[in-house]
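Have a look at the structure below before the remarks.
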Amino acid sequence: MFSIGTLNLDNPFILAPLAGYSDLAFRLQCREFGAGLCFSEMISCHGLHYRQQNTLDLLRTVLTERPVAMQLFGSEPEIMGEAATILSEYPIDCIDINMGCPARKVIKKGAGCYLMKLPTLAAKIIRAVVQGSSLPVTVKFRSGWDHKSITACDFAKMAEDNGAAAITVHARTWSDGFSGTADWRIISQVKQAVSIPVIGNGDVQSHGDGLRMLAETGCDGVMIGRGALGAPWIFSADAPENPSLAFRLAALNRHLALIAQHQPDTPPSQIKNHAGRYFKGVPGGAEIRRQIFSQTSFASLEEVISSYSPVLP
Ligand SMILES: Cc1cc2nc3c(=O)[nH]c(=O)nc-3n(C[C@H](O)[C@H](O)[C@H](O)COP(=O)(O)O)c2cc1C
3 MFSIGTLNLD
13 NPFILAPLAG
23 YSDLAFRLQC
33 REFGAGLCFS
43 EMISCHGLHY
53 RQQNTLDLLR
63 TVLTERPVAM
73 QLFGSEPEIM
83 GEAATILSEY
93 PIDCIDINMG
103 CPARKVIKKG
113 AGCYLMKLPT
123 LAAKIIRAVV
133 QGSSLPVTVK
143 FRSGWDHKSI
153 TACDFAKMAE
163 DNGAAAITVH
173 ARTWSDGFSG
183 TADWRIISQV
193 KQAVSIPVIG
203 NGDVQSHGDG
213 LRMLAETGCD
223 GVMIGRGALG
233 APWIFSADAP
243 ENPSLAFRLA
253 ALNRHLALIA
263 QHQPDTPPSQ
273 IKNHAGRYFK
283 GVPGGAEIRR
293 QIFSQTSFAS
303 LEEVISSYSP
313 VLP
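Convert by adding 2 to the 1-based position in the sequence shown; the result is the number in the numbering used here.
In structure tokens, the structure reads:
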């Protein structure tokens, strides 16, 4: 369908990096529904430099999930380059650089979206990561810092000139945070400005929305974040848009099996955050959600979910 450097994707629909959510089990679940590529949540370059255990835990992967991309964040070119070299020792396919995160704790350190204010430093970081690894390097950023500085086209050209193999544009500014509506027009403008592949991102809530983004903006790939939470079937053209409770329970059962197999030590709160979303706003879902959130262990959660499955048509 499209390529990121040497990496060929068979589906332009891609799972976004989502801190606290895009872990190995969820990425596998999205791949099973056809996602062309999944991104890990952001990984601190300092955490890799000091080989901190909680950072190394985020690198958990298995060969069956490939292709997979791991996302780095940081603001020091040398440490980012070193982190890229460490990441390259893992069986992964792509390294992404986070230049779009609006969170205060990331911005305060000069990383994430703050780098859109510092394009010369951003260029050095991209070069360092490209030199530190032989994997394709991608960069994820926003439309700009605020509505007075929509700089995505220049930023995209800078990323291309410094060796990025593809870019992702979240069509909101830093000042928007996650509010308002993504302005997809900026994705079309960026697509016209560079020759590397452009992945569009922002407010894709259904498979149909993704097809519309591809058609309206001419982008090469569509990255889905919130729309995939509790709805990993969004990557599949064949899945129903609003599946039945039985379909949702089966999908959640599979997700829980992947957690049990690959990351049984996941905290119950993190599992419940995923599980509850499968039934949000769905007729008959409120009681299941209530039961999910009142469980205190993985085993009791699994029991509740499997107790529902036989009683549904
Ligand atoms: C809970 C949550 C965690 C996120 N974590 C990351 C992250 O680690 N790295 C990143 O680049 N973006 C992160 N994002 C932003 C998403 O990748 C994506 O750009 C944004 O949600 C817009 O896409 P959507 O409308 O499809 O959700 C996060 C968003 C949410 C809601």
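Backbone N, C-alpha and C fix where the C-beta goes; we use that ideal spot for every residue, glycine too.
Keep in mind the model is a prediction, meaning the values are calculated, not measured.
query                                                                                                                    : result
Span of the alpha helix (DSSP H), counted from its first residue to its last, around F295                                : G287 to F295
N-terminal and C-terminal residue of the beta strand (DSSP E) that E305 is part of                                       : Run containing E305: none in the beta strand (DSSP E); it sits in the alpha helix (DSSP H), F300 to Y310.
Any non-hydrogen atom of ligand 1 closer than 8 angstroms to G38 Cβ                                                      : no
Beta-bridge partners of K111, as assigned by DSSP                                                                        : K111 pairs with nothing; no bridge assigned.
Y23: CB within 8 angstroms of a non-hydrogen atom of ligand 1                                                            : yes
Under 9 angstroms between C-beta atoms of T57 and C96                                                                    : no
I273 (DSSP reduced to helix, strand or coil)                                                                             : helix
Close-in-space but distant-in-sequence residues of the same chain around V171 (CB under 6 angstroms, 5 per side omitted) : A154, I189 and V192
Three-state secondary structure (DSSP) of A327                                                                           : In the structure as shown, the chain begins at 3 and stops at 315. Residue 327 is therefore absent and cannot be evaluated.
Cβ contact check for the region 15 to 35 and the region 249 to 267: 3 or more pairs under 8 angstroms                    : yes
Proximity of C103 and L74 at Cβ, strictly below 9 angstroms                                                              : no
Range covered by the alpha helix (DSSP H) that runs through S90                                                          : P79 to S90
Cα-Cα separation between A248 and D205, rounded to whole angstroms                                                       : 26 angstroms
Neighbour-count burial assignment, N100, 16 or more Cβ in a 10 Å radius                                                  : buried
beta-carbon A154 near ligand 1 non-hydrogen atom, thresh 8 angstroms                                                     : no
Residues near H202 by beta carbon distance below 6 angstroms, same chain, minus five either side                         : What sits at residue 202 in the sequence shown is Gly, not His. Within the same chain, G202 has close Cβ partners I189, M215, T219, C221 and V224.
For I261, the three-state DSSP class (helix, strand or coil)                                                             : helix
Delimiting residues of the beta strand (DSSP E) encompassing R129                                                        : Premise fails: R129 lies in the alpha helix (DSSP H), P121 to G134, not in any beta strand (DSSP E).
Spatial distance of I81 from N244 (CA atoms)                                                                             : 45 angstroms
Three CB pairs or more closer than 8 angstroms across the region 61 to 69 and the region 266 to 276                      : no
S145 versus S296 - alpha carbon distance                                                                                 : 40 angstroms
Separation of K111 from L120, as counted between CA atoms                                                                : 13 angstroms
heavy atom of ligand 1 below 8 angstroms from Q73 C-beta                                                                 : yes
Reduced DSSP secondary structure (H/G/I, E/B, other) of K282                                                             : coil
Inter-residue Cα distance where the pair is L60 and S181                                                                 : 28 angstroms
R279 versus L231, S308 and P270, residue with shortest Cα-Cα distance                                                    : L231
Near ligand 1: D185 beta-carbon under 8 angstroms from a heavy atom                                                      : no
9 angstroms Cβ cutoff met for G212 and P14                                                                               : yes
Proximity to C40 [Cα-Cα], best of I226, L17, I88 and G134                                                                : L17
Reference P285, options S246, T87 and H149, closest by Cα                                                                : S246
Own chain, CB closer than 6 angstroms to N160, minus 5 neighbours either side, in chain order                            : Residue identity check: residue 160 is Met in the sequence provided, not Asn. Here the set comprises P121 and A125.
Buried/exposed call for G210, threshold 16 Cβ in 10 Å                                                                    : exposed
Residue span of the alpha helix (DSSP H) that contains K56, given as start and end                                       : One detail in the question is off: residue 56 reads as Asn in this sequence, not Lys. Start and end: Q55 to D59.
9 angstroms Cβ cutoff met for S136 and S90                                                                               : yes
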